[in-house]
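Protein chains: 2
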Amino acid sequence: MARTQGSHSQTTGPRIRTAAETLFARHGYAAVSMRQIAGAVGLQAGALYNYTPDKQSLLVDLMQRHMEALMTAWGQEGRGETAMSALEAFARFHIRFNLARRDAVFIAYNELRSLEPEGFARIESLRNAYEGELAGVLTAGRAAGLFQLDDPRVTTRAVIALLNGVLTWYRDDGQLSLADVEDLHWQMVRRLVGAEGER
Amino acid sequence: MARTQGSHSQTTGPRIRTAAETLFARHGYAAVSMRQIAGAVGLQAGALYNYTPDKQSLLVDLMQRHMEALMTAWGQEGRGETAMSALEAFARFHIRFNLARRDAVFIAYNELRSLEPEGFARIESLRNAYEGELAGVLTAGRAAGLFQLDDPRVTTRAVIALLNGVLTWYRDDGQLSLADVEDLHWQMVRRLVGAEGER
DNA sequence: GTCTATAAGGAGATAGAC
DNA sequence: GTCTATCTCCTTATAGAC
Numbered sequence: 149m150a151r152t153q154g155s156h157s158q159t160t161g162p163r164i165r166t167a168a169e170t171l172f173a174r175h176g177y178a179a180v181s182m183r184q185i186a187g188a189v190g191l192q193a194g195a196l197y198n199y200t201p202d203k204q205s206l207l208v209d210l211m212q213r214h215m216e217a218l219m220t221a222w223g224q225e226g227r228g229e230t231a232m233s234a235l236e237a238f239a240r241f242h243i244r245f246n247l248a249r250r251d252a253v254f255i256a257y258n259e260l261r262s263l264e265p266e267g268f269a270r271i272e273s274l275r276n277a278y279e280g281e282l283a284g285v286l287t288a289g290r291a292a293g294l295f296q297l298d299d300p301r302v303t304t305r306a307v308i309a310l311l312n313g314v315l316t317w318y319r320d321d322g323q324l325s326l327a328d329v330e331d332l333h334w335q336m337v338r339r340l341v342g343a344e345g346e347r
Numbered sequence: 149m150a151r152t153q154g155s156h157s158q159t160t161g162p163r164i165r166t167a168a169e170t171l172f173a174r175h176g177y178a179a180v181s182m183r184q185i186a187g188a189v190g191l192q193a194g195a196l197y198n199y200t201p202d203k204q205s206l207l208v209d210l211m212q213r214h215m216e217a218l219m220t221a222w223g224q225e226g227r228g229e230t231a232m233s234a235l236e237a238f239a240r241f242h243i244r245f246n247l248a249r250r251d252a253v254f255i256a257y258n259e260l261r262s263l264e265p266e267g268f269a270r271i272e273s274l275r276n277a278y279e280g281e282l283a284g285v286l287t288a289g290r291a292a293g294l295f296q297l298d299d300p301r302v303t304t305r306a307v308i309a310l311l312n313g314v315l316t317w318y319r320d321d322g323q324l325s326l327a328d329v330e331d332l333h334w335q336m337v338r339r340l341v342g343a344e345g346e347r
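One line per chain: the protein sequences are S and P, in this order.
Last residue of the first sequence: 347 in the numbering used here, with the numbers rising by one and none dropped.
Last residue of the second sequence: 347 in the numbering used here, with the numbers rising by one and none dropped.
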């Protein structure tokens, strides 16, 4: 256990990102100073610039990592065979994945306005790709006669808004378990898209 | 038309609020300076303090006015006689009212974290009162056998999240009219709460 | 890689002239 | 009511010692 001081470059980077994520989510990007982030990690502000060229890059980095992790995880999710099972998989996946990373999700939705144009474009295209996954499921389900929905694009956004609602109130120590919340929301999504009888 | 310069106290206050609302919604409370707000109104920063004791009070004032206007407007809305018509009234009212005041809504949802404890408590109780209106409709509808919903509190939040989703993407110059959006969302809400046959 | 020190500028808020 | 000027403090980011 030598070397408890000095270089920690393998762990300092992640620790900075974690601290920044927590602080940005709680207080907002603009309200958090580099000194605060450094303090949370036990550094002086200047040392942060060994890990990020500037504050804005730190934000973009957090958002991009989150969106890419989301896409990757969804890519590895078993989809089932019908649009119905794919929709259930999406609903449950979205709740589970996002509840486990609430700070990142919160930032991804609330700090888009803090991004400069290049970063904004990058993050938005990742989000559109993710929404496109759900849109594909809904369109296929409608074509197969499984869903009765009026407008696939509006419904896509409605489903995501509905599922994201969970993030604003769910508490790990509350009355409802994660499984309860998944079940309740899957039922609501199922009804919302007009998938009545089945399953 | 004398007096184009000098005292404008009857209009300056509202103009400051409007400018602050626009800027807070676009850039976030923490990212907007008093100088920016003053500039948008054509004042120097010091003059703002004739209208607000400090920046925080300006934010609280905006949020409180918005929530009170929301409650008042809903109070004047015709409710209909059944839980079904009350739910439809709520859905359409919520979309219409909030789309007309997107900046205020955006602030009300995203700047809660910027409030100091007293302001937070005041705004949150107003929000709870509003959510309670919808919860009452859902509970009554379930008791009357009109709705098949599993958990009234979860469903309340889900409906509000679903309706709020509109605010993130609707454009006045888009393909869908306000009436289209109201109709689509009312249909989705209707299905979501398990109100199948009727209407 | 991290520190201290510092540059250069912007923040919220106040005082006092007009 | 608004202005100018200013106080005090904090901001991002950099330079150079260790």
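Backbone N, C-alpha and C fix where the C-beta goes; we use that ideal spot for every residue, glycine too.
- Interface residues of the region 169-196 of chain P facing chain S [CB-CB below 7 Å]: 174, 175, 176, 178 and 179
- Query: Got a sec, what are the start and stop residues for the alpha helix (DSSP H) residue 230(S) sits in?
  - Reply: Here residue 230(S) refers to the residue found at position 82 of the first sequence. Bounds of any alpha helix (DSSP H) do not take in residue 230(S), whose DSSP letter is neither H nor E.
- Task: Check whether the Cβ of residue 340(S) lies closer than 8 Å to any Cβ atom in chain P.
- Result: What you label residue 340(S) is simply residue 192 of the first sequence in a count that begins at 1. Yes, because at least one Cβ of chain P sits closer than 8 Å to the Cβ of residue 340(S).
- Task: Quick one: give me the first and last residue of the alpha helix (DSSP H) that residue 199(S) is part of.
- Result: Along the first sequence, read from residue 1 onward, the residue named residue 199(S) stands at position 51. Element bounds for residue 199(S): n/a, residue is neither H nor E.
- Query: Mind pulling the chain S residues with CB within less than 7 Å of residue 232(P)?
  - Reply: Counted from its first residue, the second sequence places residue 232(P) at position 84. Result: empty, since nearest Cβ-Cβ is about 15 Å, beyond 7 Å.
- Query: Between which two residues does the alpha helix (DSSP H) carrying residue 289(S) extend?
  - Reply: Taking the first residue of the first sequence as position 1, residue 289(S) is located at position 141. Segment 265-291, the alpha helix (DSSP H) holding residue 289(S).
- Query: Can you tell me the Cα-Cα spacing of residue 203(P) and residue 158(P), whole angstroms?
  - Reply: As a first step, residue 203(P) must be located in the second sequence, where it is residue number 55. As a first step, residue 158(P) must be located in the second sequence, where it is residue number 10. Using only the alpha carbons, I get a separation of about 20 Å.
- Helix, strand or coil: how does DSSP classify residue 250(S) here? Residue numbering aside, residue 250(S) sits at position 102 when the first sequence is read from its first letter. Here residue 250(S) sits in helix by DSSP.
- Message: Let me make sure I understand the geometry here. Which of 200(P), 218(P), 300(P) and 190(P) has the alpha-carbon closest to that of residue 247(P)?
- Response: Working through the second sequence from its first residue, we reach residue 247(P) at position 99. Comparing Cα-Cα distances from residue 247(P) to each of 200(P), 218(P), 300(P) and 190(P), the minimum goes to 218(P).
- Own chain, CB closer than 6 Å to residue 189(S), minus 5 neighbours either side, in chain order: As a working note, residue 189(S) is residue 41 in the first sequence. Excluding the 5 residues flanking it on each side, residue 189(S) has same chain C-beta neighbours closer than 6 Å at 163, 164 and 167, in chain order.
- Report yes or no: do the region 171-190 of chain P and the region 253-263 of chain P share at least 3 C-beta pairs separated by less than 8 Å? The region 253-263 of chain P and the region 171-190 of chain P touch, with three or more beta-carbon pairs separated by less than 8 Å.
- Message: Rounding to the nearest angstrom, what Cα-Cα distance links residue 333(S) and residue 318(P) in this structure?
- Response: Translated into the one-based positions of the first sequence, residue 333(S) becomes position 185. Translated into the one-based positions of the second sequence, residue 318(P) becomes position 170. In a straight line, the C-alpha of residue 333(S) is about 24 Å away from that of residue 318(P).
- Message: At a CB distance below 8 Å, what residues from the region 204-235 of chain P approach chain S? Give them in sequence order.
- Response: none
- Query: Would you call the region 287-302 of chain P and the region 203-215 of chain S touching, i.e. three or more CB-CB distances under 8 Å?
  - Reply: Judged by Cβ distances under 8 Å, the region 287-302 of chain P makes no contact with the region 203-215 of chain S, as fewer than three pairs qualify.
- Query: Name the chain S residues whose beta carbon is nearer than 7 Å to that of residue 309(P)?
  - Reply: Position 161 of the second sequence, counting from 1, holds the residue named residue 309(P). In chain order: 309, 310, 312 and 313.
- Residues of its chain near residue 186(P), where Cβ-Cβ distance is below 7 Å and the 5 sequence neighbours each way are ignored: Translated into the one-based positions of the second sequence, residue 186(P) becomes position 38. Result list for residue 186(P): 192, 193, 195 and 196, in chain order.
- Query: Are the beta-carbon atoms of residue 215(P) and residue 255(P) separated by less than 8 Å?
  - Reply: Numbered from 1 along the second sequence, position 67 holds the residue referred to as residue 215(P). Numbered from 1 along the second sequence, position 107 holds the residue referred to as residue 255(P). No; because the gap between Cβ atoms is not below 8 Å, this pair is not in contact.
- Task: Classify residue 281(P) as buried or exposed, calling it buried when 16 or more other Cβ atoms lie within 10 Å of its own Cβ.
- Result: Looking up residue 281(P) in the second sequence gives position 133. It is buried - the Cβ of residue 281(P) has at least 16 other Cβ atoms within 10 Å.
- Straight-line gap, residue 267(P) to residue 205(P) (C-alpha atoms, nearest Å): Walking along the second sequence from the start, residue 267(P) turns up at place 119. Walking along the second sequence from the start, residue 205(P) turns up at place 57. C-alpha separation (whole angstroms): 8 Å.
- How many Å lie between residue 232(S) and residue 309(P) at the Cα? Here residue 232(S) is taken as the residue at index 84 of the first sequence, counted from 1. Here residue 309(P) is taken as the residue at index 161 of the second sequence, counted from 1. Going from the Cα of residue 232(S) to the Cα of residue 309(P) covers about 23 Å.
- Message: Does residue 169(S) come out as helix, strand or coil in the three-state DSSP assignment?
- Response: Locating residue 169(S) in the first sequence gives position 21, counting from the first residue. Assignment of residue 169(S) by DSSP, reduced to helix, strand and coil, places it in the helix class.
- Apart from the five residues just before and just after residue 152(P), which ones in its own chain have a Cβ nearer than 7 Å to its Cβ? Position 4 of the second sequence, counted from the first residue, corresponds to residue 152(P). With a pLDDT of 45 at residue 152(P), under the threshold of 50, the modelled position of this residue cannot be trusted; read the value that follows with caution. Nothing listed; no residue qualifies.
- Over what stretch of residues does the alpha helix (DSSP H) that includes residue 315(S) continue unbroken? For this step, residue 315(S) is matched to residue 167 along the first sequence. Here the alpha helix (DSSP H) through residue 315(S) covers 300-317.
- Message: Do residue 235(S) and residue 314(S) have their beta-carbon atoms positioned less than 8 Å apart in this structure?
- Response: Sequence index remark: in the first sequence, residue 314(S) carries index 166 (1-based). Sequence index remark: in the first sequence, residue 235(S) carries index 87 (1-based). No, the pair does not count as a contact, with Cβ atoms beyond the cut-off.
- Proximity to residue 239(S) [Cα-Cα], best of 169(S), 225(S), 251(S) and 252(S): In the first sequence, counting from the first residue as 1, residue 239(S) sits at position 91. For the residues 169(S), 225(S), 251(S) and 252(S), the minimum Cα distance to residue 239(S) belongs to 225(S).
- Message: Taking the alpha helix (DSSP H) that residue 341(S) belongs to, which residues open and close that run?
- Response: Position 193 of the first sequence, counted from the start, is the residue given in the question as residue 341(S). Run containing residue 341(S): none; DSSP gives neither H nor E here.
- Message: Could you compute how far the alpha carbon of residue 149(P) sits from the alpha carbon of residue 170(P)?
- Response: The residue given as residue 149(P) occupies position 1 in the second sequence. The residue given as residue 170(P) occupies position 22 in the second sequence. Reliability fails at residue 149(P), whose pLDDT of 43 lies under 50, so the model's placement of it is uncertain and the value that follows must be treated cautiously. Between residue 149(P) and residue 170(P), the C-alpha separation is close to 29 Å.
- Outcome for residue 173(S) when other beta-carbon atoms lying within 10 angstroms are tallied against a minimum of 16: Against the first sequence, residue 173(S) aligns to sequence position 25. Residue 173(S) should be labelled buried.
- List, in order along the chain, the chain S residues whose C-beta lies closer than 8 Å to that of residue 320(P)? In the second sequence, residue 320(P) corresponds to position 172, counting from 1. Those do not exist, as residue 320(P) stays about 16 Å from chain S at its closest Cβ, beyond 8 Å.
- Please name the residue, chosen from 213(P), 161(P) and 229(P), that lies closest to residue 292(P) on a Cα-to-Cα basis. By one-based count along the second sequence, residue 292(P) stands at place 144. Taking only the C-alpha atoms, the option nearest residue 292(P) is 229(P).
- Message: For residue 306(P) and residue 326(S), I'd like the C-alpha separation in whole angstroms.
- Response: Here residue 306(P) corresponds to residue number 158 of the second sequence, with the count starting at 1. Here residue 326(S) corresponds to residue number 178 of the first sequence, with the count starting at 1. Residue 306(P) and residue 326(S): Cα-Cα distance of roughly 16 Å.
- Residues near residue 221(P) by beta carbon distance below 8 Å, same chain, minus five either side: Working through the second sequence from its first residue, we reach residue 221(P) at position 73. Close CB contacts of residue 221(P) within its chain, under the 8 Å cut and outside five residues either way in sequence, are with 241 and 245 (chain order).
- Query: Counting only beta-carbon atoms, is residue 302(S) nearer than 8 Å to chain P?
  - Reply: Locating residue 302(S) in the first sequence gives position 154, where the first residue counts as 1. Yes, residue 302(S) lies at the interface with chain P (some Cβ there is under 8 Å from its Cβ).
- Query: How many Å lie between residue 290(S) and residue 330(P) at the Cα?
  - Reply: Here residue 290(S) refers to the residue found at position 142 of the first sequence. Here residue 330(P) refers to the residue found at position 182 of the second sequence. Between residue 290(S) and residue 330(P), the C-alpha separation is close to 21 Å.
- Query: What is the rounded straight-line gap between the Cα of residue 278(S) and the Cα of residue 302(S)?
  - Reply: Here residue 278(S) refers to the residue found at position 130 of the first sequence. Here residue 302(S) refers to the residue found at position 154 of the first sequence. Residue 302(S) has its alpha-carbon roughly 15 Å from the corresponding atom of residue 278(S).
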